[in-house]
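K.L.:
Here it is, the structure, as structure tokens.
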Amino acid sequence: MANALRFLIVDDFSTMRRIVRNLLKESGFADADEAEDGVVAISKLRASKFDFVVTDINMPNMNGFQLLNEIKQDEKLKHLPVLMVTAEARKEDIVAAAQGGAAGYIVKPFTKATLEEKVNLIIKKLDL
12 MANALRFLIV DDFSTMRRIV RNLLKESGFA DADEAEDGVV AISKLRASKF DFVVTDINMP
72 NMNGFQLLNE IKQDEKLKHL PVLMVTAEAR KEDIVAAAQG GAAGYIVKPF TKATLEEKVN
132 LIIKKLDL
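For this note's numbering, add 11 to where a residue sits in the sequence shown, where the first one is 1.
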């Protein structure tokens, strides 16, 4: 059941984490945890079970691309879909996200419909 998926929302901006969390909740995905950067995220991912990662790209300590790389290099985590979120729609970022194994990419600001559509598309594609 898709709605039972557990999300990890990674963003250095607490307001953005709360927005994403609320949008996911409105879309029927109530189980979510948060991390303020990739370092915290990777330790949470290794310590607990998650089904889906929504991460910002620009963060201190470990950015979204570094986090994506860590996830994809880890045998226990590499199956996780990672949705990249960024304020900049730079073509090279989109390409880097795709090459790094990201399941999708959305640009801030985004609507509930955009997030919901992207998440559901990934869930359907990966049969979660």
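Don't be surprised by glycine CBs; every beta carbon is placed ideally from N, CA and C. Everything numeric in this text was worked out from a predicted model, so none of it was measured.
1. Taking all protein chains shown into account, do 16 or more other C-beta atoms lie within 10 angstroms of the C-beta of alanine 43, making it buried, or fewer, making it exposed?
2. How many Å lie between aspartate 22 and leucine 132 at the Cα?
3. Identify which residue in Glu103, His90, Val65 and Phe121 has its Cα closest to the Cα of glycine 115.
4. Judging by CA-CA distance, which residue of Glu103, Ser38, Leu78 and Arg28 is the nearest neighbour of proline 92?
5. Give the secondary structure of methionine 27 by DSSP, where H, G and I count as helix, E and B as strand, and everything else as coil.
6. So, using beta-carbon positions, are valine 96 and isoleucine 82 closer together than 8 Å?
7. Are there 16 or more other CB atoms within 10 angstroms of the CB of arginine 32, so buried, or fewer, so exposed?
8. Tell me the DSSP secondary structure of leucine 94 in three-state form.
9. DSSP state of leucine 19, grouped into three classes?
10. In whole angstroms, give me the CA-to-CA distance for isoleucine 68 and phenylalanine 76.
P.N.:
Considering the structure as presented:
1. Buried, because 16 or more other Cβ atoms sit within 10 Å of the Cβ of alanine 43.
2. 22 Å
3. Ranking the options by Cα distance to glycine 115, first place goes to Val65.
4. Leu78
5. Helix, per DSSP.
6. Against a cut-off of 8 Å, the Cβ pair of isoleucine 82 and valine 96 comes out as no contact.
7. buried
8. strand
9. strand
10. 6 Å
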